[in-house]
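Here's the structure, in structure tokens; my notes come after.
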Amino acid sequence: MARKWLDYKTDAWVQWCPGCGDFGILNSIYRAVSELGIDPEELVVVGGIGCSGRTTYYVKGSNFHALHGRAIPVATGVKLANPHLNVIVAGGDGDLMGIGGGHFVALGRRNIDLTVLLYDNAVYGLTKGQAAPTLPAWIKTKALSSPNIHDNINPVMLAFAVGFTFIARGYAYHTQQLKEIIKQAVRHKGAALVDILQPCPTYNNVMTNKWYEERIYYVEDEDPGYDPMIRTPEDFAAKAPSIVSKLLEFGDKIPLGILYWNQTREPFEDRLDKIMPGYKEAPPARRRLDVDGRPFLHPFDVFKDRLVAP
Ligand SMILES: Cc1ncc(C[n+]2csc(CCOP(=O)(O)OP(=O)(O)O)c2C)c(N)n1
Ligand SMILES: [Mg+2]
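This is how it looks when you write it as structure tokens:
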């Protein structure tokens with residue numbers, strides 16, 4: 008059942024700088040979850056620390072503001088405890104590509120059904136504009152004393168290498184298109200990444216709206232024959248070269264839209280169900296905690312096989 012986007016708006020005062028791309032992302036999230044008709048009680052937004060992480064206060068859900076870099080492990084725990092929930096990770100480029108990079112890799116490996124929204128402003132917004140892992144080399148934003156001498160991580164390429172099964176890129180100021188991309192990412196069963204380019208008008212004075220608009224284009228507009236969908240292993244062999252070249256493109260031209268969508272890999276939850284019969288029907292969060300007044304998971308039951316008689 009479709010709902011109104013206002014059903015998802017909390018009463019919290021939205022504290023971002025004027026012109027911040029986060030507003031466009033928040034708007035797209037409201038519209039995506041309302042059009043999908045997700046019950047706020049079954050929606051969980053997990054944020055990292057950063058301006059981006061504040062999304063957890065603004066969207067109605069059973070949300071969790073995690074530690075810096077730890078949004079993915081918290082979201083993993085929530086989703087595996089109760090796979091019936093829709094779990095969205097809202098993290099910055101510092102959070103997901105820097106301190107939390109290892110968790111990003113592990114998520115791809117596992118292919119858990121999570122939607123990762125990467126708020127990609129190429130700076131550490133909350134801590135006043137240091138260079139983030141997605142800032143291209145030789146750019147000098149205003150908080151840097153000299154140009155950045157690190158090469159940038161390409162999040163969509165990293166996601167591909169580690170096993171994400173849905174990879175897209177959006178632009179924070181294009182809320183209509185971003186909303187559609189987020190809807191597809193949430194619908195996808197498996198690890199989904201949406202790399203969302205966003206101007207940071209306060210600290211990134213180089214990668215401005217003008218900078219992005221000179222570069223971004225939608226794959227479906229410029230390359231209508233481009234097909235990101237993988238339905239069989241043969242598809243993969245045939246389409247991988249064109250997909251990889253799209254994922255690698257980040258410079259004078261930056262492609263937006265769904266870049267890769269692999270439906271051949273089973274999500275982690277399906278694997279758990281194979282080794283733990285009944286897992287999906289009765290995941291840990293839905294199990295009775297007691298039987299006849301006795302804790303269901305009694306420590307003696309858990310450890311009885313390992314208990315050794317004194
Ligand atoms: C363990 C730890 N290290 C460092 C910090 C300081 N810190 C807070 S937010 C942040 C980076 C924020 O940048 P990003 O993740 O890109 O989010 P943005 O603010 O740009 O949305 C850092 C380094 C912290 N809170 N915790
Ligand atoms: Mg950032």
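Note that our numbering has the sequence shown beginning at 8, numbered continuously upward. Think of the CB as a built atom: it goes at the ideal place given N, C-alpha and C, for glycine as much as any other residue. Treat the numbers as computed from the prediction; the structure is a model and nothing was measured.
Considering only heavy atoms of ligand 1, does any lie closer than 7 Å to the CB of residue i?
i	result
Pro134	The amino acid occupying residue 134 in the given sequence is Thr; Pro does not appear at that position. It does: the Cβ of Thr134 is within 7 Å (strictly closer) of some heavy atom of ligand 1.
Gly170	no
Tyr65	no
Tyr126	yes
Asp299	no
Ile106	yes
Asp277	no
Asp102	yes
For residue i, which residues of its own chain have a beta-carbon under 8 Å away from its beta-carbon, when the five flanking residues on both sides are left out?
i	result
Arg116	Val169, Gly170
Ser153	Lys147
Tyr224	Lys260, Ile261, Pro262, Leu263
Ile203	Gly28, Ile32, Leu124, Leu125, Tyr126, Asp127, Arg176, Gly177, Tyr178, Ala179, Leu185
Flag residue i as yes when its Cβ comes closer than 7 Å to any non-hydrogen atom of ligand 2, and as no otherwise.
i	result
Gly99	yes
Asn70	no
Val130	yes
Gly60	no
Gly54	no
Gly57	yes
Ala150	no
Ala139	yes
Return yes when the C-beta of residue i is under 7 Å from any heavy atom of ligand 3, and no when it is not.
i	result
Leu74	Ligand 3 is not part of the structure shown, which contains ligand 1 and ligand 2 as its ligands.
Kindly indicate the opening and closing residues of the beta strand (DSSP E) around residue i.
i	result
Leu92	Segment: none, Leu92 is in no beta strand (DSSP E) and carries neither H nor E.
Leu255	Not the beta strand (DSSP E): Leu255 falls in the alpha helix (DSSP H), residues 240-255.
Gly54	50-54
Tyr224	223-225
Tyr126	122-127
Ile203	199-204
Mind checking which residues open and close the alpha helix (DSSP H) that includes residue i?
i	result
Asn216	216-220
Ala175	Segment 173-178 is the beta strand (DSSP E) holding Ala175; no alpha helix (DSSP H) there.
Glu80	In the sequence as presented, Glu is not what sits at residue 80; that position holds Pro. Residues 78-88.
Val42	Reading the sequence as shown, one finds Glu at residue 42 and not Val. Glu42 -> alpha helix (DSSP H) spans 28-43.
Lys281	275-282
Val213	Val213 -> no alpha helix (DSSP H), and no H or E assigned at all.
His110	108-117
Tyr65	62-65
Ala9	Careful: Ala9 lies outside any alpha helix (DSSP H) and carries neither H nor E.
Ala168	162-169
Among residues of its own chain, excluding the 5 on either side of residue i, which ones have a beta-carbon nearer than 7 Å to its beta-carbon?
i	result
Cys24	Pro208, Thr209
Leu151	Ala138
Glu256	Pro262
Met164	Leu254, Leu255
Name the DSSP beta bridge partners of residue i, please?
i	result
Asn269	Ile237
Gln191	None, per the DSSP bridge assignment.
Gln137	Tyr131
Ile261	Ile223
His72	Gly54
Ala97	Gly54, Leu124
Lys16	Val66
Using a Cβ-Cβ cut-off of 6 Å (strictly less than) and excluding sequence neighbours within five positions of residue i, which residues of its own chain qualify?
i	result
Asn89	Pro290, Ala292
Lys149	Asn212
Ile56	His75
Trp268	Phe173, Pro235, Met236
Glu227	Gly264
Leu279	Tyr286
query: Are three or more beta carbon pairs between the stretch 179-197 and the stretch 33-44 nearer than 8 Å?
result: Below 8 Å, enough C-beta pairs join the stretch 179-197 and the stretch 33-44 to call them touching: three or more.
Sufficient close CB pairs (3 or more, under 8 Å) joining the stretch 228-239 to the stretch 125-135: Too few Cβ pairs lie closer than 8 Å, so no.
query: Between the stretch 62-75 and the stretch 269-281, do at least 3 Cβ pairs fall closer than 8 Å?
result: Result no; under three Cβ-Cβ pairs closer than 8 Å.
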